[in-house]
Every structure is written in C-alpha cells, then in structure tokens.
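Numbering (our numbering), first residue to last: 52 to 305. The next block holds one structure in the form of structure tokens; read it before the comments.
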Ligand SMILES: Cc1cc2nc3c(=O)[nH]c(=O)nc-3n(C[C@H](O)[C@H](O)[C@H](O)COP(=O)(O)OP(=O)(O)OC[C@H]3O[C@@H](n4cnc5c(N)ncnc54)[C@H](O)[C@@H]3O)c2cc1C
C-alpha cells in the first residue's frame, strides 16, 4: 500500500483528464509491463483524510468494507500511464463519464490531496512467435493502449481499434511503421460502449498470423472480441489477453 498525493491535474480532451500523483512511495512501485495497473484509493466528497487499508493481501478488501461508509475510501482500478521514478511521479489518465465516484473525484482533485495505490501487475505479453498484433479497447483502455504502443518502437504489424465517446477525444498516437490506428467514436448516446470496436474487428482484415491480441474495456467488448478471434478466426486462446475493465450499468463495489 503506497500513499501519494496529487501533484497536478490536466485536461487532455473533453472526455479525458490526467492526474499526476507523487511522493517517495513511487520508488516502491516496481515497473511491471506496458499495461501495468493499480488499485487507486481516493476520498469521498467531504472526507478530509484518506483511510488506507494496511493489509497487503486480499484482506485489504475486508478492512475497507468494515470501515463505516463515511470513513471508507473509494477504490477503482486504473492503468499507470507513465511512471517516472526519478521524479517520484506517476500519471493516470481517466476516462470521464457523468458523476461517477471516479469522475467526480478527478474534477475536484487539487494538488496536495491524498491518494493511495497498490500494484495489480500487467496482462500484456507479446509472445515470441507472434507475427501480427491486434489491440482493441474502449475509452477505459485507451491509456493502456497508448502505453503499449509507446513501449515498443519495433512492433510486429499491428491493427489498433480504439473506441471513444466523441470525436473530440481522438488524439495523436505514436504509430511506428506497421501500426495502423482506427478510431471509432460513438457520438451518440444511444450506442452501447464497445459495440463499434467489436463490429470493426469482426469486419477487419487482420495482420497475418500467428496473431497476438490484447483487448480490454466494457465486459461485452472484451469477451465478444475474444469469442470472435478464437471461434471465427482460429486464434489460440492463449494468444488472446482479454480483460473486462468495467460492466455497463454496474458500479464497482466499494
Ligand atoms: C486493470 C484495469 C485498468 C483500468 N484502467 C483504466 C484507466 O487507465 N482509465 C480509466 O478511465 N479507466 C480504467 N479502468 C476502468 C475503470 O476502473 C472503470 O471504468 C471504473 O468502473 C470507473 O469507476 P467509476 O467510479 O467511474 O464508475 P463506477 O462507480 O464503477 O460505475 C458507475 C456507472 O458508470 C458506468 N461506467 C463505469 N466505467 C465507465 C466508463 N469507462 N465509461 C462509461 N460508463 C462507465 C458503470 O457501468 C456504472 O453504470 C481500468 C479497469 C481495470 C480493471
């Protein structure tokens, strides 16, 4: 459990904000892969102090749930967008949506506010035999996709399908030779998040195999892409990393 504080907040696009957290504890975060994630603890509205659990095993959840609700922190999973040990800083990029606990905290976060993290590790593992790569996600997975792209200057041929809420959230992406980025924007409140990316993958001409695929975002997007790749395109299960980052209509427990 690492306690840090907010150093800076920056609006990136209408739907994204970056919060920089800093403190000596950053040195305890071992760099762990391009899509390294953390559990982020932050205060509820009106709370002055952040009460962090102390257990470093799964008992942390019990500790949090046993706290009175008024004293309990919010807990959400986020990607470490950048880690700068020398400056004792990490950046986290948040996809803002409505007045959710996470989005509201980002809007009210100010330098000096407390925030805690612990390491969740990473999922991205490009196997040595891969000759092509597929990266798919909605806005919650965009920070991880950007980090994955930045981490490898000599990637295999790669198709990226990045879905965002509006065209205003499209931004420049590091695209070395062989990387093609397809932006998809819903621009319409009626479309279920993830639908456009899933359909685009179904229609896409994918790179020559063996293919490695990484997919994250709304749960149906993650499972839908995996099912399509394994069932319709013959990609071995072990070569598809997938993660339902969130579930439509369900709030993260806590
Ligand atoms: C390993 C991992 C890494 C992640 N990295 C990031 C990251 O870097 N940046 C990031 O923004 N998110 C990331 N997420 C996703 C984030 O944890 C969830 O979106 C989380 O539910 C947000 O909490 P909340 O307080 O906004 O909403 P919650 O309280 O959990 O949910 C409230 C409502 O909002 C809906 N909702 C939740 N997330 C979204 C969304 N993204 N868009 C639209 N509606 C939503 C829910 O379905 C629910 O109806 C990651 C998740 C995982 C598991």
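Heads up, the beta-carbon is just placed ideally off N, CA and C, and yes, glycines get one too. Predicted model, so just to flag it, every value in this text is computed and none were measured.
Query: Best match in 55, 212 and 257 for proximity to residue 136 [C-alpha to C-alpha]; Result: 55
Query: Segment contact flag, the region 282 to 292 with the region 167 to 181, C-beta cutoff 8 Å, min 3 pairs; Result: yes
Query: Rounded separation between residue 246 and residue 171 - CA only; Result: 27 Å
Query: Status (buried if at least 16 other CB within 10 Å, exposed otherwise) for residue 268; Result: buried
Query: DSSP-derived helix/strand/coil call for residue 257; Result: coil
Query: Those residues which DSSP pairs with residue 88 across a bridge; Result: 130 and 172
Query: Cβ-heavy atom distance, residue 292 to ligand 1, below 7 Å; Result: no
Query: C-alpha distance - residue 53 paired with residue 155, whole-angstrom precision; Result: 22 Å
Query: Top-ranked residue by Cα proximity to residue 236, from 218, 251 and 73; Result: 218
Query: Sequence-distant residues of its chain with Cβ nearer than 7 Å to residue 206 (five each side left out); Result: 184, 227, 229 and 230
Query: CB contact flag (residue 115, residue 305, <8 Å); Result: yes
Query: Residues near residue 131 in its chain [Cβ-Cβ closer than 8 Å; skip 5 each side]; Result: 80, 87, 88, 89, 141, 142, 143 and 198
Query: Beta-carbon spacing of residue 296, residue 181 below 8 Å; Result: no
Query: Euclidean distance between Cα positions of residue 134 and residue 84; Result: 11 Å
Query: Exposed unless 16 or more other CB atoms sit within 10 angstroms - verdict on residue 191; Result: buried
Query: Identity of the residues DSSP links to residue 144 by a beta bridge; Result: 69
Query: Residue 227: CB within 7 Å of a non-hydrogen atom of ligand 1; Result: no
Query: Status (buried if at least 16 other CB within 10 Å, exposed otherwise) for residue 164; Result: buried
Query: Contact test: residue 152 Cβ vs ligand 1 heavy atom, cutoff 7 Å; Result: yes
Query: Inter-residue spacing [alpha-carbon to alpha-carbon] between residue 299 and residue 270; Result: 8 Å
Query: Span separating the alpha-carbon of residue 91 from that of residue 158; Result: 16 Å
Query: Beta-bridge partners of residue 236, as assigned by DSSP; Result: 215
Query: Rounded distance between the beta-carbons of residue 249 and residue 272, thought under 8 Å; Result: 5 Å
Query: Alpha-carbon spacing of residue 259 relative to residue 69, whole angstroms; Result: 35 Å
Query: Pairwise C-alpha distance: residue 210 and residue 277; Result: 15 Å
Query: Local Cβ density within 10 Å of residue 72, reported as buried at 16 or more and exposed below that; Result: buried
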